[in-house]
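Here's the structure we're looking at; comments come further down.
Structural data, given as structure tokens:
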């Protein structure tokens with residue numbers, strides 16, 4: 256059977272990359288098994304049909320990944336391509352090991368998962384890290400309950416130049432050392448779904 260794949264062409268100019276590559280520095284990056292390195296050719300990110308072999312199919316699970324936020328590992332990060340903001344709860348900020356950075360108290364009107372209008376508490380800059388790529392990203396802070404540690408939306412995905420696939424339960428991006436994959440966790444996704452009700 257011939258492998259069917261979907262390709263996305265992404266141009267990565269590593270000479271002017273705004274992402275911080277810490278691969279040459281001494282780091283203590285924990286061994287998170289949801290990361291995977293694949294060789295990259297010609298700047299093309301590809302999702303293959305064989306990648307769903309480890310996934311419970313059929314599924315309608317949200318893409319929930321593990322990500323380091325401000326030097327703390329969180330395993331319930333929702334990847335939401337429809338969100339115009341990155342969102343973090345006050346509860347998550349309290350779990351972060353580092354002191355919370357200064358909060359810009361500019362409020363943003365948001366809609367909750369139930370469709371209710373909520374007001375944010377401000378925007379807090381947090382450093383995200385994966386595969387030695389560090390980004391300082393603005394997260395809109397909320398005091399409302401959400402089943403996720405945080406939500407990464409369009410702003411973070413664009414900064415990372417990442418392409419998510421909910422069907423394949425992963426997101427991929429190009430780095431100076433090749434294509435990287437962050438695999439989602441269906442178990443965490445389903446746990447978050449149940450917690451939300």
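In this note's numbering, the protein residues as written are 256 to 452.
We put the beta carbon where it would ideally sit given N, CA and C, even for glycine.
When the Cβ atoms of the region 396-410 are set against those of the region 338-355, are three or more pairs found closer than 8 angstroms? Segment contact: the region 396-410 against the region 338-355, three or more CB-CB distances shorter than 8 angstroms; contact assigned.
With a Cβ-Cβ cutoff of 8 angstroms, do residue 330 and residue 353 count as a contact? Not in contact: residue 330 and residue 353 (Cβ atoms no closer than 8 angstroms).
Whole-number beta carbon distance between residue 320 and residue 439, since they are thought to touch under 8 angstroms: With 8 angstroms as the limit, residue 439 and residue 320 qualify as a contact, their Cβ atoms being about 5 angstroms apart.
How big is the Cα-Cα spacing for residue 370 and residue 400? Rounded to whole angstroms, residue 370 to residue 400 spans 13 angstroms at the Cα level.
State the DSSP-derived secondary structure class of residue 396, mapped to helix, strand or coil. Under the three-state reduction of DSSP output, residue 396 falls in the strand class.
Sort 300, 301, 317, 299 by Cα distance to residue 424 and report the nearest one. The option with the nearest alpha carbon to residue 424 is 317.
Beta-carbon contacts of residue 347 that lie in its chain and below 8 angstroms, excluding the five residues immediately before and after: Here the set comprises 324, 329, 404, 405.
Count the other C-beta atoms from every protein chain shown that fall within 10 angstroms of the C-beta of residue 299, then say buried if there are 16 or more, exposed otherwise. It counts as exposed.
Residue interval of the alpha helix (DSSP H) (run including residue 381): No alpha helix (DSSP H) holds residue 381; the beta strand (DSSP E) holding it covers 377-385.
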